[in-house]
Amino acid sequence: MRWRPAAGTLVLVALLAAAAAGLARSAAGAGQDDPVRSVTADLRCPACQGESVADSRSPIAAAMRQAVADQVAQGHSRDEVRRWFVQRYGPDVLADPPARGVELLLWAVPALTLLAAGYAARRTLRPRPRRTDDLPAAPPADGPPPGGAARRAWRWSALGLITVVVSVAVAARGLDRPRPDPAPADPVAVAVGLARDLEAQDRYDAAAQMYREALRDRPDDTIRLRLAFALLRAGDATGAGQAAQEVLSHAPDSPDGLLVLGLAQRRTRPAEAPRTLRRFLTVAPEHPAAPEITRLLAAA
Amino acid sequence: MLGELGTSSLTVGLLCATLTALLWLRVALFGAPTRPARLATAATLATAAVACGVLEAALLRHDFSVRFVAENGGRRVPLYYTVTSLWSALDGSLLLWLLVLAGYAVLLAGRRHPPRLQAYAMVVVSAVTVFFFALSCFAASPFRAVDPVPPDGPGPNPLLQQHPAMGVHPPLLYVGYIGLVVPFAFALAAPLAGREGRSWLRVARPWTLVAWAALTAGIGLGAWWSYAVLGWGGYWAWDPVENASLLPWLTATAFLHTALGPGARRAGWNLVLACASFVLVLLGTFLTRSGAVASVHAFTESPLGPMLLGFVLLAVVASTILTGWRTPELAGRTASPVLSRNTAVLVNGVLLVTIAAVVLIGTIFPLLSGPLGGVRTSVGPGYYHRTALPLAIVVLLAMGVTPALRVGDRTQALRRLAVPGAVALATVAVVGLLSRPGLPALSAFGTAAFVLTGLAGQLPDRLRRSGRGRLAGLVAHAGIALVAVGVAGSSAYGRDAERTLRTGETLRVADVSVRLVGVDRRGDSGMAVRARLRLSESGDAERAVTPALRYHPARDTAVTVPAIDTGLLRDTYVTLIAVSPDDGSATLRLAVNPLVGLLWAGGALTAAGGLGSALATARRRRRVGTPREGAQPASVAVRAGAAG
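Keeping their order, the protein sequence lines are chains R and D. Counted the way our numbering counts, the first sequence spans residues 1412 to 1711. Counted the way our numbering counts, the second sequence spans residues 5 to 648.
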């Protein structure tokens, strides 16, 4: 029977080797799936709650997926694409921002829990020998507690119960009554609202995307002007100029249209810019941007 | 009319609940007769039932003068979803919560448990009932009058009108959630009830098993609903609402194991876990029902937050004081061997508690990071994948090792683990070499193989012995292992693609392809757009599938209706994302999700195992026979019990 342990060891070694090979191959191959999917799964959809760009069905996520696909098609690596998004939108665009500051909590709390629970388990497994309190300090009371204590307990409990009810009643008075749902939201208004939020966060590219979404549903000059402003701030002077020109084709004297067009022309066709901006000043001398434009023209 | 009836039933209910709590307190403190207390308990259940019935009647009769109906009812809503809209928004679901809670109270009052322990436990349950009645009465009454009365309502949230699981999932989840009040009540009652308190574990475990089985089924149905309705092809998004249901499940699972066997050795663990489970239920209710944490499916936003939070704190304080006050002394103060079931159960407890900590901090992080100076962001699935999943695999491993430790003899244990270990290694080798699922999925496959082989090895032994509860435990564990295989398989081998197709074009994923035949619009109730598709798998005959987009004007939302083709080994899942204005093209997402069926099967097995175990425990108890109390006053019974 001497062969049995040897055979057992042999089988074990063979199984371990095969399993190691399987693990190694699997680990090496894990990264070879769709690169677009793997990048977008790590990006947070800015218009949704807790969904990744890969899973969200919102238009802005679709736009971001397209942006990732474009960059991957241009031969950028995953890390490059990720870095590009972080540079543009800040680290919060990542679904898992790198742990720093408050985010350390996400790791510290589980680690402390593991330690504390592990310590408690150790205590349960290896209890310290008891010295002084080998006997229970007070034998557990049996039967109802003696009269005086019971009456006190009764009074306090009844009082506590009533306090709970009264505090709920009082707290409820201070509440806003839950309002009935507001009138159905207009999807265009939602898109414009989202875009404004994005603008407030200096994310003009994403804002422009949302304005384009809104425009597709409602070709409105106010939205087009906002799009033009967002494009201008995002650095797309050509796009901003086009949008402003479209507005001006309907309303040749739109002050905002002239303003954006002029500012865009300063980058695309510097020769025409002063003329457009001067026209802006004549059309809207009271415009809040007018003093700034006067200064610009004077400096030129 | 109905509104006034409902309001008065809530008011009477609040009075009844308060009276119930006080009467049970008299039973506990002075040994007063239990009959009035039982009657008051039953009366509380009756008022909760009347309140639910009145609201249901108002929904069915489209009585829009009742606020809840005006906000959640609608004439166009199908009958089934009108019935289920009782729990489709906060105020109505609070009534269902009350009904279930009062139901548990009546069941608990009706069982023959040690009398003082039972009385104190009933005080705790009734106090919880009082709080929720007060909440429903003062802060979230669904019965307030609406003036002027609207002609029609918007109907419940469109996502809640799409899947038949809506009728079962919330009630089951509530039965699970609220059932955890029973172990909580017993844990608080144990230190108060003196010597009787020592039996609390034996008494509380079957109740916990029932609640746990319902919670498991509820979570499983929730995942199924999410898979079938939300249209992104997944079943678990680590969303706050999902996490809130997972948290008590984790601690209750740990409790069920620490309460096994010589549970008195782990007295502290049992008390803390039993209390934590219900506190997490309350915390979850606070998180998801107060609008504190944004979620894909936290449908309600309400101002109940501060009150619920206050009650969570009250529960924490009460459980800390009561359980810390007089911890029942520990039996068997001897160190157990390192390789023993006791160790395994504690390791399992430590890991489950740590997973719960991961899920909890991930869920409340957005609440904490703002005030602490961070950016208010939610935590993405990546965090949980890196933290909770490895821990879960270790839990699975511990699950496979534990049964082998029965004898405590090391060589015996190793011999028992040899075959499962070999099968696990072989699985890893074969699966890893043939396909490349990635490390997490591969280790999950290996561990699941380990567990399943071990369980199969125990099957003959367990069948031979009479205890049916043991078989139920085995089934529950097998279910968990199957869920692990389903999760790993669907995340590792799932493939999807998304593209805009013109009519006649084809989208292909692996060997599955769909061809766009055309787009239909139906204008009757709005606005449903369907994409007619032909789907073919590995060159088989084509089948017609029609995913759709439904627009609900009353709520201004568009809802996708994915077309899911369920197979034995894999599902094909087609979602219509958008349609061009001229109907000439449609944006589609085609996903192939392998092994998803195992998730549902595993979840069902786990829940069934839990239920079977509860039934077996109850039957065993009945066979052994508990002393019948008869109609004598509790105090006499206590004395008699103490004497005998």
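Think of the CB as a built atom: it goes at the ideal place given N, C-alpha and C, for glycine as much as any other residue. Bear in mind that the values here come from a model prediction, so they are computed numbers and not experimental data.
Per-residue DSSP class, three states only, for SER1660(R): helix
Name, please, each residue of chain D whose Cβ falls closer than 7 Å to the Cβ of SER1568(R). LEU29
As assigned by DSSP and simplified to three states, the class of PRO1681(R): It is coil, neither helix nor strand.
Can the beta-carbon of LEU184(D) be found closer than 8 Å to that of ALA215(D)? The answer is yes: Cβ separation under 8 Å.
Does GLY648(D) come out as helix, strand or coil in the three-state DSSP assignment? Bear in mind that a pLDDT of 29 at GLY648(D), under 50, signals an unreliable position, so the number given afterwards is only what the model happens to contain. Looking at GLY648(D) - three-state DSSP - the assignment turns out to be coil, as it is neither helix nor strand.
Does the beta carbon of PRO1591(R) come closer than 8 Å to any beta carbon on chain D? Caution applies to PRO1591(R), whose pLDDT of 41 falls short of 50 and renders its modelled position unreliable; the model cannot decide the point.
Kindly indicate which residue of PRO210(D), PHE135(D), ALA485(D), TYR124(D) has the alpha-carbon position closest to the one of ALA194(D). TYR124(D)
List the residues of chain R that ARG240(D) touches, going by C-beta distances under 8 Å, in chain order. Note that residue 240(D) corresponds to Trp in the displayed sequence, not to Arg. Simply none; closest approach about 12 Å.
Quick one: what does DSSP say ASN346(D) is sitting in, helix, strand or coil? Reduced to three states, the DSSP call for ASN346(D) is helix.
From THR550(D), ALA605(D), LEU105(D), residue whose alpha carbon lies closest to that of ASP569(D): The shortest Cα separation from ASP569(D) among THR550(D), ALA605(D), LEU105(D) belongs to THR550(D).
In chain D, which residues lie less than 9 Å from LEU1517(R) when you measure between Cβ atoms? VAL362, ILE365, GLY366, PHE369, VAL383, TYR387, THR391
Reference ALA149(D); option with closest CA among GLY114(D), LEU112(D), GLU75(D), LEU100(D): When the alpha-carbon of ALA149(D) is set against those of GLY114(D), LEU112(D), GLU75(D), LEU100(D), the nearest one is in GLU75(D).
Interface residues of chain D facing ARG1714(R) [CB-CB closer than 9 Å]: What is shown of chain R runs 1412 to 1711, which leaves residue 1714(R) out entirely.
Could you give the first and the last residue of the continuous beta strand (DSSP E) run that contains LEU594(D)? Its beta strand (DSSP E) spans residues 589-598.
Min CB distance TRP1495(R) to chain D below 8 Å: no
Close beta carbons around ALA131(D), own chain, < 7 Å, minus the five adjacent residues each side: ALA25
Chain-ordered neighbours of ASN346(D) on chain R, where CB pairs are closer than 9 Å: THR1535, LEU1536
Which one or two residues does DSSP pair with GLY522(D) in a beta bridge? ARG536(D), per the DSSP bridge assignment.
Integer-rounded CB distance, given that LEU1505(R) should sit under 8 Å from ARG1455(R): Cβ atoms of ARG1455(R) and LEU1505(R) come within 8 Å of each other, at about 7 Å.
Answer yes or no: do ARG1629(R) and ALA1654(R) have a C-beta to C-beta separation smaller than 8 Å? no
To be precise: take each residue of the segment 307-318 of chain D, compare its Cβ to all Cβ atoms of chain R, and keep it if any distance is under 9 Å. Which residues remain? PRO307, LEU308, PRO310, MET311, GLY314, PHE315, LEU318
Under a Cβ-count criterion, where at least 16 other Cβ atoms within 10 Å of its own Cβ denotes burial, should TYR387(D) be classed as buried or exposed? buried
Which residue wins for smallest C-alpha separation from ARG1448(R), given the options ALA1432(R), ARG1493(R), ALA1428(R)? ARG1493(R)
Counting Cβ pairs closer than 8 Å, one from the segment 425-437 of chain D and one from the segment 1421-1434 of chain R, do we hit at least three? yes
Quick test of the definition: if touching needs 3 or more C-beta pairs under 8 Å, does the segment 219-228 of chain D touch the segment 164-178 of chain D? yes
Does any residue of chain R have a CB that is nearer than 8 Å to the CB of PHE303(D)? Unreliable positioning characterises PHE303(D) in this predicted model, as indicated by a pLDDT of 44, which lies under 50. The coordinate reading is nonetheless provided below. By this cut-off, PHE303(D) is not an interface position.
Using only the alpha-carbon positions, how far apart do ILE1704(R) and VAL523(D) sit? For ILE1704(R) and VAL523(D), the distance between alpha carbons rounds to 52 Å.
At what residues does the beta strand (DSSP E) containing TYR577(D) begin and finish? 574-583
Under 9 Å Cβ-Cβ, which residues of chain R neighbour LEU372(D)? Under the 9 Å cutoff, chain R gives VAL1513, LEU1516.
Does chain D have any CB closer than 8 Å to the CB of SER1463(R)? yes
Residue nearest to VAL134(D) in terms of C-alpha spacing, selected from LEU9(D), LEU99(D), GLN416(D), PRO119(D): LEU99(D)
Look up HIS117(D) in the DSSP assignment and say whether it is helix, strand or coil. In the three-state reduction of the DSSP assignment, HIS117(D) falls in the coil class.
Does ALA426(D) get closer than 8 Å to chain R when you measure Cβ to Cβ? yes
For chain R, is any of its Cβ atoms less than 8 Å away from the one on ALA535(D)? no
Quick one: Cα of LEU43(D) to Cα of LEU112(D), how far? Taking the CA atoms as reference points, LEU43(D) sits about 13 Å from LEU112(D).
Looking at LEU251(D) and LEU286(D), is the spacing between their C-beta atoms short of 8 Å? no
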